[in-house]
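K.L.:
Under our numbering, the residue at position 66 of the sequence shown is numbered 66, and the numbers go up by one with no gaps.
In this text, a Cβ means the ideal position worked out from N, Cα and C, and glycines have one as well.
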Amino acid sequence: NNNVYCQDSKISWVDWDDARLNSVLTEFTAQLARLRADHPVFRRRRFFQGRSIRGSNIEDIAWLRPDGQQMSEEDWNIPTTKSVAIFLNGRGIPEVDDLGERIIDDSFLLLINAHHRQIVFTLPDSVYGRSWEFVVDTTDPLLANARRKQRDAVPGGKFRVQARAMLVLRCRY
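1. Kindly identify the DSSP beta-bridge partner or partners of residue 28.
2. From residue 128 to residue 22, what does the alpha carbon distance come to, in whole angstroms?
3. Thinking just about the alpha-carbon of each residue, which of 103, 100, 14 and 132 is nearest to the one in residue 110?
4. If you measure between the beta carbons of residue 35 and residue 42, is that distance less than 8 angstroms?
5. Sort 20, 159, 105 and 9 by Cα distance to residue 44 and report the nearest one.
6. So, helix, strand or coil for residue 154, using DSSP?
7. Report buried or exposed for residue 66, applying the criterion of at least 16 other Cβ atoms within 10 angstroms of its Cβ.
8. When you compare only the Cα positions, how much space is there between residue 60 and residue 14?
9. Considering only the beta carbon of each residue, do residue 87 and residue 170 sit closer than 8 angstroms?
10. Grouping DSSP H, G and I as helix and E and B as strand, with all else coil, what is residue 13?
11. Nearest to residue 89 by alpha carbon, out of 3, 48, 166 and 159?
12. Bridge partners of residue 3, per DSSP?
13. Check whether the stretch 71 to 79 touches the stretch 94 to 104, counting contact only when three or more Cβ pairs, one atom from each stretch, lie closer than 8 angstroms.
14. Give the range of the beta strand (DSSP E) segment to which residue 133 is assigned.
15. What does the Cβ neighbour count give for residue 136, buried or exposed, with the cut at 16 atoms within 10 Å?
16. Assign residue 127 to one of three DSSP states: helix, strand, or coil.
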């Protein structure tokens, strides 16, 4: 078996000295783990439906082009498409918690650029969110420049996403 969790060898051992030397990467990884632990929208137990759930006026997941518009069937078939935005609706989670209560979370927008050059993304219209805050920038792991970008994090705002990078924004309701 080639899965790391099945190996008791150098392939699966963690060199904690290396982790101390790469404290930015270690902190960034911890930040991502905290984000997932804190937000059930990233830990769903059921598949997305691509439709409105429980009275929400928007889909549980939306796939958007860099111009902020919904992807069409044709968009999926363009072989040069290397950038996409994904909206995860925190109010569209179909599961309930241990007490049988509806799970409601923040909504997130992932701007993903797999292209070899930077791409300008336009944030979608206000039905998806009126105001956004940066929570992850793979080119700025500790978010040192997040405040500078924050002023444009509104519907229609434009962001340059660096080559082979991703931004994650949280909706501020």
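P.N.:
The short version:
1. Answer by DSSP bridge pairing: none, since residue 28 is not bridged.
2. 36 angstroms
3. 132
4. yes
5. 105
6. coil
7. buried
8. 37 angstroms
9. no
10. coil
11. 48
12. Looking at the DSSP assignment, residue 3 forms no beta bridge with any residue, so it has no partner.
13. no
14. 132 to 137
15. buried
16. coil
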